[in-house]
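Okay, so here's the structure we're looking at.
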Amino acid sequence: MKKIVLCLLLFIAFSSCTSTKEIAMTTSKTRQPESNSLLCATKPILPVDVKSITLNPVDVAPISLNISSELPKSIHTKASRIVDYAFAFDGVKYKRGGTTLEGMDCSGLVVTTFNSENITLPRISRDMANTGSLIDLKEVSKGDLLFFATRKNSKSISHVGIVTTAADGFVEFIHASVNKGVIVSNMAEKYWHLTFVQARRVI
1 MKKIVLCLLL FIAFSSCTST KEIAMTTSKT RQPESNSLLC ATKPILPVDV
51 KSITLNPVDV APISLNISSE LPKSIHTKAS RIVDYAFAFD GVKYKRGGTT
101 LEGMDCSGLV VTTFNSENIT LPRISRDMAN TGSLIDLKEV SKGDLLFFAT
151 RKNSKSISHV GIVTTAADGF VEFIHASVNK GVIVSNMAEK YWHLTFVQAR
201 RVI
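203 is the number that UniProt numbering gives the last residue of the sequence shown; the numbers go up by one with no jumps.
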């Protein structure tokens with residue numbers, strides 16, 4: 001009887017061990033696919049071909065520096081400024097001894113104009129003819145002075161004008177004429193060609 005009971009106990013114990021091993025093995029086998037599934041779910045990182053990437057340019061408005069391309073209408077030299085100043089009196093009537101818009105004489109126009117650039121000249125045209133450097137008529141340029149002997153039967157200098165244009169032998173000058181006031185004349189005119197005495201540069 002005791003042997004039978006002992007055999008039953010051994011059988012039960014053996015059965016318990018077997019179930020435990022089977023459960024452990026089953027659990028192990030059940031977890032394995034789960035681990036594999038996690039690995040498979042992760043996508044491999046592939047190398048990127050940088051050359052195949054197309055970058056779309058971003059539309060960027062050009063930066064405005066507000067720099068005007070326009071320079072002043074003219075960058076004046078001293079001679080140009082002198083001529084421009086003289087033209088401010090164009091049309092002013094002749095007045096002996098005059099130096100204003102109310103009236104001008106020839107030397108008054110020259111003295112007043114050059115004073116605007118802090119250049120002091122004698123008040124009388126014949127005295128002006130002794131200033132600066134003597135130049136040939138072919139060499140004159142803007143701002144030079146032309147001297148004339150306009151008195152009848154006299155070779156003494158009595159008139160002066162300021163060169164406004166000199167190009168290819170064509171010379172214009174602004175001056176105060178007794179009959180017409182401040183005007184522009186040119187050396188191609190017979191009267192001025194015949195009465196011309198000399199040209200001088202004082203700038």
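Glycine included, C-beta positions come from ideal geometry on N, C-alpha and C.
Predicted, not measured: the structure shown is a model, and the values here were computed from it.
Practice task
Determine the direct distance from the alpha carbon of Phe87 to that of Leu101, and round the result to whole angstroms.
Solution key: 11 Å
Handout entry: Any non-hydrogen atom of the ligand NAP closer than 6 Å to Ser80 Cβ
Key = Only the bare structure without any ligand can be found here, which leaves the ligand NAP out of the picture.
Exercise for the section: Can you have a look at Asn186 and say buried or exposed, based on whether 16 or more other CB atoms are within 10 angstroms of its CB? Expected result: exposed
Handout entry: Cβ neighbours of Ser141 in the same chain (closer than 6 Å, five flanking residues each side left out)
Key = Ala166
Practice task
Grab me the residues of Lys155's own chain with a C-beta within less than 6 Å of its C-beta, minus the 5 sequence neighbours each way, in chain order.
Solution key: For Lys155, where only same-chain residues beyond five positions count, the Cβ hits under 6 Å are Ala149.
Practice task
With distances taken Cα to Cα, identify the nearest neighbour of Leu137 among Asn153, Val163 and Leu121.
Solution key: Val163
Practice task
For Gly97, count neighbouring C-beta atoms within 10 Å of its own C-beta (all shown protein chains included) and say buried if the count is 16 or more, exposed if not.
Solution key: exposed
Exercise for the section: Note down the Cα distance separating Glu189 from Asp168, rounded to an integer number of angstroms. Expected result: Their Cα atoms are separated by approximately 16 Å.
Exercise for the section: Kindly give me the distance between the Cβ atoms of Tyr94 and Gly181, rounded to whole angstroms, as I take these residues to be in contact under 8 Å. Expected result: 5 Å
Problem - Three-state class that DSSP yields for Ala129 in the structure shown - result: Assignment of Ala129 by DSSP, reduced to helix, strand and coil, places it in the coil class.
Problem - Cβ neighbour criterion (16 or more within 10 Å) applied to Thr77 - result: exposed
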